[in-house]
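Visitor:
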Amino acid sequence: MKKALLAGLLLTYPFAVYFGLQYSEPVIIGGVFVAVLLLRHWLVKDSKTTIPHLKIMTACGCGLLLFATFANSALALKFYPVVISSCFLAVFAYSLYNPPSVIEIIAGKFETLDENAKRYTRSVTKVWCVFFILNGLIATVTVFHPNPKVWLTYNGLISYLLMGLLMIIELIVRKWQKAKNKSNEVAK
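For the sequence shown, this note's numbering begins at 109 and goes up steadily by one.
Printed below as a string of structure tokens:
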């Protein structure tokens with residue numbers, strides 16, 4: 109329950125920054141979210157269902173938020189989605205060169221993977237790398253857009269919808285791939 113609450117709080121980050129900056133200083137928003145990140149890390153650090161390399165994202169996120177806090181910088185607060193997307197990219201890309209891939213690790217927690225499934229998870233990891241590149245670039249552009257609602261809309265809604273859409277497409281493709289592999293095995 110605590111983990112879900114903290115994850116929910118992190119999802120509200122763009123809204124907290126957008127509305128918080130209208131009523132308070134960046135130092136307060138940054139400080140609150142440093143505490144949320146550290147608390148989340150402390151609660152999930154030993155969890156078997158956590159995303160691999162969460163420490164990297166926590167350290168980078170806290171580093172940026174601490175800078176935003178001490179510099180009292182609204183601009184630094186807006187870079188948080190860019191930093192997190194970059195961290196995900198680094199972790200996913202690194203896992204392609206130092207297997208198993210992140211998606212293989214996650215999928216392996218739910219089922220035993222054969223060689224076809226492992227190749228498939230590597231391909232999915234590559235797709236996520238492309239997504240994180242595009243997401244980071246768009247998030248960067250929104251940081252400098254003169255209308256702060258553009259930053260909020262992309263980072264607080266559109267990017268989450270795109271992630272969800274990619275997950276749904278991947279689930280559909282995975283089911284199709286499994287069925288295809290089964291029919292190929294039966295045909296042999």
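For each residue, glycine too, the CB sits at the ideal point set by N, CA and C.
This structure is a prediction, so every number in the text was calculated from the model and none was measured.
Should residue 138 and residue 185 be called a contact, given that it needs their Cβ atoms to be closer than 9 Å?
Guide: yes
Visitor: Assign residue 236 to one of two classes, buried (16 or more other C-beta atoms within 10 Å of its C-beta) or exposed (fewer than that).
Guide: Residue 236 is buried by the Cβ-count criterion.
Visitor: Which residue from 244, 279, 211 puts its Cα closest to that of residue 200?
Guide: 211
Visitor: On a CA-only basis, which of 288, 220, 117, 166 is nearest residue 196? Give me that one, please.
Guide: Comparing Cα positions, the closest option is 166.
Visitor: Give me, in chain order, the residues of the same chain whose beta-carbon lies closer than 6 Å to that of residue 243; leave out the 5 immediate sequence neighbours on both sides.
Guide: 193, 267
Visitor: Taking only the alpha-carbon atoms, compute the straight-line gap between residue 132 and residue 113 and give it to the nearest angstrom.
Guide: 23 Å
Visitor: So, using beta-carbon positions, are residue 144 and residue 180 closer together than 9 Å?
Guide: no
Visitor: Taking its Cβ as the centre, do 16 or more other Cβ atoms sit within 10 Å of residue 171, making it buried, or is it exposed?
Guide: exposed
Visitor: Would you say residue 233 and residue 204 are within 9 Å of each other, going by their C-beta atoms?
Guide: Contact flag set, yes.
Visitor: Please go through the segment 191-244 and give each complete alpha helix (DSSP H) segment of 4 or more residues, from N-terminal end onward.
Guide: With a minimum length of 4 residues, the unbroken runs of alpha helix (DSSP H) contained wholly in the segment 191-244 fall at 210-216.
Visitor: Does DSSP classify residue 275 as helix, strand or coil?
Guide: helix
Visitor: Could you check if residue 113 belongs to the surroundings of the ligand FAD, using beta carbon to heavy atom distance under 8 Å?
Guide: In the structure on display, the ligand FAD does not appear, and there are no ligands present to speak of.
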